[in-house]
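Residue numbers (the working numbering): 1 to 229.
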Amino acid sequence: MDTLSNVNKKREDEVISQDVGFTSKVPLKKPDISGEVSVKYVPDVNKRWFVLRVTYGRERKAYDFIMNDHTEAYLPMCYVQKIYNGKKKRILTSLLPNFLFVYATPEKVEKYVKQTPELHYLTYYYNHFKVGEFGKNPPLTVGYNEMMNFIRVTSLNNEHVRLVESQHCHYKSGDKVRIVDGDFAGVEGKVARVAGQQRVVIELPGVCLVATAYIPTAFIKPIPSVSEK
């Protein structure tokens with residue numbers, strides 16, 4: 001699964017630009033793109049990054065509730081162009097409609113999903129590639145490093161960053177690289193040609209693929225494989 005099922009659907013009466021600018025709705029310090037850990041998302045062995053589904057476009061409402069409850073969450077946003085009465089307007093909206101990322105213990109997330117009436121519209125998004133103890137799909141979680149990589153890219157307000165499908169990514173080698181200079185310094189992914197430009201594609205497993213803006217070859221360094229270290 002390259003992307004969530006509703007990522008690329010266009011809504012009625014709107015035109016989504018080919019390139020969308022991303023911005024983070026995290027009110028505190030953004031992740032440090034130099035590679036250092038953000039003050040906000042300090043690693044905690046008891047916490048996981050849960051992918052949650054929110055019905056009827058209420059992801060911002062859920063985000064505000066959870067943040068006000070002193071739990072860490074991330075809601076990536078993007079700009080789209082909508083047409084109203086024949087005029088184009090640039091609107092800030094959710095990058096992944098109806099989805100929210102929450103960094104908390106399993107117990108805390110269970111409380112939000114099943115025991116909080118104010119969040120009755122919040123549910124788990126399940127991992128359809130795994131089967132749990134009772135033969136059911138477990139809630140989808142994303143690794144800490146992968147999530148930090150995703151936040152680094154999507155919290156930059158760069159109009160050339162885009163969601164992509166795997167069939168549109170022409171990978172050069174498949175080897176992982178790290179960007180060492182420019183706005184995307186610290187981002188790790190794979191070099192690919194997307195929309196005629198050299199970019200670095202990062203994967204949020206089970207969720208989506210995101211491509212950076214154009215990256216010069218001089219800004220890219222290969223990450224040695226385990227056998228090479």
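Ideal placement from N, C-alpha and C gives every residue a C-beta, glycine not left out.
- Within the segment 132–203, the runs of alpha helix (DSSP H) at least 4 residues long that lie entirely inside it are, in chain order, 144–154.
- If you draw a 10 Å sphere on the C-beta of A218, you find fewer than 16 other C-beta atoms in it, and that means exposed.
- Take the alpha-carbon of S155 and the one of K89: they are about 22 Å apart.
- F129 and K87 have their alpha carbons spaced roughly 44 Å apart.
- Residue pairing for T93: DSSP places it in a beta bridge opposite C78.
- Pairing P205 with V142 gives a Cβ-Cβ distance under 8 Å.
- Of the residues L163, E118, C78 and A192, the one whose Cα lies closest to the Cα of V177 is A192.
- Counting along the chain, K221 sits inside the beta strand (DSSP E) bounded by residues I220 to P222.
- In this structure, DSSP gives V54 an extended state, which the three-state scheme calls strand.
- DSSP lists no beta-bridge partner residue for L119.
- Nearest C-alpha to K190 among I223, L122 and Y126: I223.
- For I215, the three-state secondary structure derived from DSSP is coil.
- In this structure, L52 sits near Y125, with a CB-CB distance shorter than 8 Å.
- DSSP places F99 outside any alpha helix (DSSP H); the residue lies instead in the beta strand (DSSP E), whose first and last residues are F99 to A104.
- Just measuring C-alpha positions, the residue of S94, V207 and P216 sitting nearest I179 is P216.
- When DSSP reads this structure, V109 sits in no beta bridge, so it has no partner.
- By the neighbour-count criterion, in which 16 or more other beta carbons inside 10 Å mark a residue as buried, V45 falls on the exposed side.
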